[in-house]
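Before any comments, here is the structure.
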Amino acid sequence: MEENYDVIVLGTGLTECILSGLLSIEGKKVLHIDKQEYYGGESASLNLTQLYSKFKPSKPYKGQYGKDRDWLVDLIPKFLMANGELTNILVHTDVTRYMEFKQISGSFVYRDGVIAKVPGSTTEAISSPLMGFFEKRRMRNFLQFIVDYQEDDPNSKHGFDLDKDTMEQIYTHYGLQPGTRDFIGHAMALHSNDSYLDKPARDTYNRINLYVTSMARYGKSPYIYPLYGLGELPQGFARLSAIYGGTFMLDTPIDEYLWTEDGKFAGVKTKEGVAKAPICIADPTYFPEKVTTVSGDQKVIRAICILDHAIPNTNDADSAQIIIPQNQVGRKNDIYIAVISGAHNICAKGYYVAIISTIIETDKPHLELEPAFKIIGPTKDVLMSISQLYEPKESGAKDNVYISKSYDPSSHFESTTDDVKDIYKRVTGHDLVLKQRKTAQEEAELAGLS
Amino acid sequence: MSTDIASDEHKFVQFKLVLLGESAVGKSSIVQRFVKDSFNDFKESTIGAAFLTQTIDLDSDTTVKFEIWDTAGQERYRSLASIYYRNAQSALVVYDITQKASLDKAKYWIKELQKQASNNIVIALVGNKTDLEEERQIPTEEAQAFANEAGLLFFEVSAKSGKGIKECFREIALKMPIEETLKRRRDRKRGTVDLNKRPSTNEQQCAC
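Structure follows, in structure tokens:
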């Protein structure tokens, strides 16, 4: 075969699949290839056979934790913010037709040796055990300021200019204690370190606002999660792309890249033949020479823990996000624990999966996770991995190869959707404007099927 | 005997049905005939509209709605995602009675279904294009014997003339676990959230 396409997408990670879907809807002819035999790349959810062969090749899965097909363990732990950009994209593209979501039951933060629920509303601030009587009132006043703040209402701004004044100044104005600042900055604004404190408050304000509005949407926590694991997300967008004409080719390594005389991308050669396109979108694994490690050579350690009990002190929550702010354990980066269970159809009944992650700071990274292991209690097994984070060296303008970033250790998808929008703009030359997808009925009419 | 209260109500149950089979065996045409009762001789490969629904009234108080998934661009290189098989209660595996090799492909998809779909999925093996009887390469008995052995429903149809299509979907509908599904629906709330709806206090209080 030799076939022509508008875009060739390499890798079926979430970033690539969202872009594939968006471009197909716009009428681009997309060929989407993955060298692996399953969808999702780094953002896949694997069964235990796949998981053990990846992380413990010498110790294949022997059925000790029940039926293999009951397990779908995420490689990268993240949750969706209920009011975040990924939710917005899912709704506009109607990929929600193919998937179901549930709330994550609780959002917890570690403080002074124990975990407690993050107060996500003014009401919760008042009843939170994280703060004393007066501090609760200060916290409530601070949250009220965040909720009331209106750009066009000077009274609501309390004299602050979010583009000039720092978060530190705002905390000080409301008289908030260091421990309270820790959980606001880390468990609500979801900053993974303290570098935000002396920057203009705008970004942190937006992040707290996202937390609070996400919390308000369904009630239990600001997070939602797809039934059957995060791997459903790239699959859902791949289906969107396929319905709009995208062609998919799994289990197909690239034998050769084709280039024009002036060094621009021209196509790929695979076992199926030659496919040509002027544009390529790829994850970092397809072009190792075109990516570099992110600043500071950051590496992420992740520990996938199989448990047969709920996390202590979470009121037996079937799912939870637990954040250990850096200051609480003398670190520079936060430790995250994402907990999911059979309630989200990702493991056999009675089991829980806790994924601990952080940015490595020492040469004994597994010891850095100790505080998290203390929180989660006894484990049945632990699968540990260390990954390097990559980003493209260049924008893609020179060679028409647009490369996505590695999935960072943040607890949600906001940076992923930022990357999607950024690549979209570089590829198409204009900003992504989400339009509501046609209904199933309208699509049927378009295809002459109704 | 006591009267079942539920029997007084109209039963409406939805099931997911997936289409499988080699390209050009007429999967989309079968659906088009079922959903729209029409046929298009020159239909291009499936593009768009891969998510169709059609209802069947089984009797005066039971309606089954099929949510039909077509393979779209994920079939040519056998790159269907597990999301395709997920929660599918029925499958139509289509072959072309005039193409010998298409039955082997159908057997491949049946194996895939047994591996990836739920254990109690109802699979129908469907031989299409009975309007081209003179070009037939696969005897009815051969496919029937295979279907019997593998525990599948078996039909021969013509999307072009419409022959056998309604009966095929009706037979599948009759095999659907209607009472179980209704019972499950009553017993437990799945607790999922609808991302398309924005729950707001005002809306909930509004009685209109």
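Protein chains in written order, with our numbering: chain P, 35 to 484; chain Y, 210 to 417. Note that the Cβ used here is the ideal one computed from N, Cα and C, for glycine as well.
Strictly below 7 Å CB to CB, what residues from chain Y border residue i?
{"i": "P/Y132", "result": "I292"}
{"i": "P/K136", "result": "G400, T401 and V402"}
{"i": "P/E266", "result": "I292"}
Could one say the Cβ of residue i lies closer than 8 Å to chain P's Cβ atoms, at least one of them?
{"i": "Y/Y304", "result": "no"}
{"i": "Y/I214", "result": "Note that Y/I214 scores a pLDDT of 47, beneath 50, so its modelled location is shaky and nothing firm can be said."}
{"i": "Y/R295", "result": "yes"}
{"i": "Y/S288", "result": "yes"}
{"i": "Y/Q414", "result": "For Y/Q414, the pLDDT reaches just 34, beneath the cut-off of 50, and the residue's location in the model is therefore unreliable, although a value from the coordinates is still provided. With 8 Å as the cut-off, Y/Q414 does not count as an interface residue toward chain P."}
Find the residues of chain P that neighbour residue i, judging by a C-beta separation of less than 7 Å, and give them in chain order.
{"i": "Y/R285", "result": "T281"}
{"i": "Y/G282", "result": "A276, G279, G280, T281 and F282"}
Using a cut-off of 9 Å between C-beta atoms, extract the partners of residue i located in chain Y.
{"i": "P/T121", "result": "L404"}
{"i": "P/V107", "result": "By Cβ distance, chain Y contributes nothing, its closest Cβ being about 14 Å from P/V107, past 9 Å."}
Is residue i close to chain Y? Criterion is C-beta to C-beta, closer than 8 Å.
{"i": "P/V308", "result": "no"}
{"i": "P/V454", "result": "no"}
{"i": "P/Y39", "result": "no"}
{"i": "P/I258", "result": "yes"}
{"i": "P/V246", "result": "no"}
{"i": "P/Q269", "result": "yes"}
{"i": "P/Y252", "result": "yes"}
{"i": "P/R11", "result": "Because chain P here runs from 35 to 484, residue 11 of chain P falls outside it and cannot be looked at."}
{"i": "P/M467", "result": "Looking at the sequence itself, residue 467 of chain P is Val, so the reference to Met does not match. Not closer than 8 Å to any Cβ of chain Y, the Cβ of P/V467 fails to qualify, so no."}
{"i": "P/S484", "result": "Because the pLDDT of P/S484 is 46, which lies under 50, any placement of that residue in the model is unreliable, and the question is left without a value."}
{"i": "P/Q470", "result": "no"}
{"i": "P/L44", "result": "no"}
Since residue i contacts residue j with CB under 8 Å, what's their CB separation in whole angstroms?
{"i": "Y/V222", "j": "Y/I330", "result": "Not really, about 16 Å apart at Cβ, beyond 8 Å."}
{"i": "P/L177", "j": "P/A150", "result": "No, P/L177 and P/A150 are not in contact; Cβ-Cβ is about 16 Å, not under 8 Å."}
{"i": "P/Y144", "j": "P/I420", "result": "Their Cβ separation, rounded to whole angstroms, is 23 Å, which puts P/Y144 and P/I420 out of contact at 8 Å."}
{"i": "P/S528", "j": "P/G265", "result": "Residue 528 of chain P lies beyond the range of chain P shown here (35 to 484); nothing can be said about it."}
{"i": "P/Q360", "j": "P/N243", "result": "The pair is not a contact, with the Cβ atoms about 23 Å apart (cut-off 8 Å)."}
{"i": "P/R273", "j": "Y/A359", "result": "That pair is no contact at about 28 Å."}
{"i": "P/L261", "j": "Y/T401", "result": "7 Å"}
{"i": "Y/A315", "j": "Y/V227", "result": "Going by Cβ atoms, the distance from Y/A315 to Y/V227 rounds to 13 Å, so no, they are not a contact pair."}
{"i": "P/Y183", "j": "P/M201", "result": "That pair is no contact at about 13 Å."}
{"i": "P/V325", "j": "P/P426", "result": "6 Å"}
{"i": "P/Y99", "j": "P/Y386", "result": "So it is not a contact: roughly 11 Å between Cβ atoms."}
{"i": "P/I380", "j": "P/W105", "result": "7 Å"}
{"i": "Y/K320", "j": "Y/I347", "result": "In fact, because the Cβ distance is near 18 Å, the residues do not count as touching under 8 Å."}
What residues from chain Y crowd round residue i, counting only those whose CB sits closer than 8 Å?
{"i": "P/V125", "result": "L404 and N405"}
{"i": "P/L261", "result": "T401"}
Is the beta carbon of residue i within less than 7 Å of some heavy atom of the ligand GDP?
{"i": "Y/N328", "result": "By its list of ligands, the structure shown contains no ligand whatsoever, and the ligand GDP lies outside what it can speak to."}
Exercise. Are at least three pairs of beta-carbons, each pair with one atom in the stretch 110–120 of chain P and one in the stretch 437–453 of chain P, less than 8 Å apart?
Worked result: yes
Exercise. Does the stretch 297–310 of chain Y come close enough to the stretch 327–343 of chain Y that 3 or more CB-CB pairs lie under 8 Å?
Worked result: yes
Exercise. Quick one, which residues of the stretch 55–77 of chain P are near chain Y if we go by CB-CB under 7 Å, in chain order?
Worked result: Y73
Problem set entry | Segment contact, 8 Å Cβ cut-off, at least three pairs: the stretch 69–88 of chain P with the stretch 217–231 of chain P | no
For this session: May I ask you to verify whether the stretch 371–383 of chain P touches the stretch 341–357 of chain P, counting CB pairs closer than 8 Å and requiring at least 3?
Result: yes
Problem set entry | Sufficient close CB pairs (3 or more, under 8 Å) joining the stretch 313–321 of chain P to the stretch 430–450 of chain P | yes
Problem set entry | Inter-stretch contact at 8 Å, needing at least 3 Cβ pairs: the stretch 186–204 of chain P / the stretch 277–287 of chain P | no
Exercise. How about the stretch 235–246 of chain Y and the stretch 362–378 of chain Y: do they share at least three Cβ pairs that are nearer than 8 Å?
Worked result: yes
For this session: Examine the Cβ distances between the stretch 322–336 of chain P and the stretch 48–66 of chain P and report whether three or more of them are shorter than 8 Å.
Result: no
Problem set entry | Cβ contact check for the stretch 387–403 of chain P and the stretch 123–136 of chain P: 3 or more pairs under 8 Å | no
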